[in-house]
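Here the structure is laid out as structure tokens; the discussion comes afterwards.
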């Protein structure tokens, strides 16, 4: 299959940022099977380098990571309205989980999730957000 045919079958380009390799692998497999082109990185600094040179339709970021946390990723990239951001967290901070995810929304994430994720719900939500964004651009 040539590269033009591959591009036509891709539903969207997604960057996943999480320092938990098992989460990265699970989300990458699920989203790839659903037809998305997926790239994964383990921290916000690496993600920033990618986002500065490659277009992604969606960024899915953990909040608590080394080098650059998800709050900083959201602050840097939420103003780019073509990039939809989903924040996710399993907690671990000195504040309630609901507060952490609310801050992510206030910074510009379009949706926030508590880990562990429910696979079917997660996939439906990603597809819905990207479909809405693509319809808004038309």
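Residue numbers (my numbering): 114 to 251.
For glycine and all other residues, C-beta sits at the position ideal for the given N, C-alpha and C.
Comparing alpha-carbon positions, which option in 200, 148, 150, 147 lies nearest residue 131? 200
Taking 7 Å as the threshold (C-beta atoms), are residue 156 and residue 179 in contact? yes
Skipping 5 residues on each side, what residues in its chain have a beta carbon closer than 8 Å to that of residue 242? 171, 197, 199, 223, 224
Going by other Cβ atoms of all chains shown within 10 Å of its Cβ, with 16 needed for buried, is residue 211 buried or exposed? exposed
Considering only the beta carbon of each residue, do residue 188 and residue 220 sit closer than 7 Å? yes
Which term fits residue 202, buried or exposed, when burial requires 16 or more other beta carbons within 10 angstroms of its beta carbon? buried
In the DSSP output, what is residue 173 paired with across the bridge? 129, 199
3-residue-minimum beta strand (DSSP E) runs that sit fully inside the region 206-246, ordered along the chain: 224-227
Between the alpha carbons of residue 168 and residue 159, how many angstroms are there, rounded? 14 Å
Less than 7 Å between the C-beta atoms of residue 213 and residue 176, yes or no? yes
Measure the C-alpha to C-alpha separation of residue 195 and residue 153 and round it to an integer number of angstroms. 19 Å
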